[in-house]
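Asker:
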Amino acid sequence: MVRKEIISKKINSIRFHLDRIISKSNISLEQFLRNDDVKDIVCHNLFIVLQYIIDICNHIISDEGMEEPVFLSDMADILAKEKVIREELVKPLKSMIGLRNLLAHQYGDIDFKTIYNIVKYDLKDVYVFLEDIISYSKL
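Following the working numbering, the numbering of the sequence shown begins with 7 at its first residue and continues without gaps.
In structure tokens form, the structure reads like this:
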């Protein structure tokens, strides 16, 4: 059984770090690309959000005794198969996991235009993930 207090704490942390990202998102692409401090704040907080998402996935899979993922990206398929998340979230969740790995291991290779577009247009996937987790966990 999922420990609600752990999931709830992680969700609250995600929301906090999303707010930090969003607070830096009301600028143009050109302003974003020129401002190293904003890029650092956004990337750091995005990494934390994505790490918490992975932590939540691991927690649910472990606590519910679901099949063990071979790769982190397998968690998306497992959670969809077990009806924890909606099927439409599998591809975005796999992308989130890949982005987390990029932020963690290849910082010099980050395409900041892509980061800007994620912040502007793709954070909705994080909110959909949170909705599904809240529903599944009955929070």
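Ideal Cβ placement from N, Cα and C applies to all residues, glycine included. These numbers come from a predicted model, not from an experiment.
Check each candidate in SER14, LYS15, ILE28 and name the one with the smallest Cα separation from TYR127.
Answerer: Locating residue 127 in the sequence shown gives position 121, counting from the first residue. Residue ILE28 is the option with its Cα nearest to TYR127.
Asker: What's the gap between the Cα of LYS144 and the Cα of ARG9?
Answerer: Position 138 of the sequence shown holds residue 144. Position 3 of the sequence shown holds residue 9. Going from the Cα of LYS144 to the Cα of ARG9 covers about 11 Å.
Asker: Does TYR133 pass the burial test, meaning 16 or more other C-beta atoms within 10 Å, or should it be called exposed?
Answerer: Translated into positions along the sequence shown, residue 133 becomes position 127. Its Cβ having fewer than 16 others within 10 Å, TYR133 is exposed.
Asker: In or out: HIS23 buried (at least 16 other Cβ within 10 Å) or exposed?
Answerer: Counted from its first residue, the sequence shown places residue 23 at position 17. Counting Cβ neighbours within 10 Å, HIS23 comes out buried, since at least 16 surround it.
Asker: Expressed to the nearest angstrom, what Euclidean distance is found between the alpha-carbon atoms of TYR122 and LEU56?
Answerer: Position 116 of the sequence shown, counting from 1, holds the residue named residue 122. Position 50 of the sequence shown, counting from 1, holds the residue named residue 56. If you take the alpha carbons of TYR122 and LEU56, they lie about 16 Å apart.
Asker: With H, G and I counted as helix, E and B as strand and the rest as coil, what does DSSP make of GLN57?
Answerer: Taking the sequence shown and counting its residues from 1, one reaches residue 57 at position 51. Helix at GLN57.
Asker: Determine the direct distance from the alpha carbon of HIS50 to that of PRO98, and round the result to whole angstroms.
Answerer: As a position in the sequence shown, residue 98 is number 92, starting the count at 1. As a position in the sequence shown, residue 50 is number 44, starting the count at 1. Near 20 Å, if we compare the C-alpha coordinates of HIS50 and PRO98.
Asker: Going along the chain, which residues of its own chain have a beta-carbon closer than 7 Å to the beta-carbon of LEU78, five neighbours each way excluded?
Answerer: Here the question's residue 78 lines up with position 72 in the sequence shown. Excluding positions up to five away in sequence, the list reads ILE60, ILE103.
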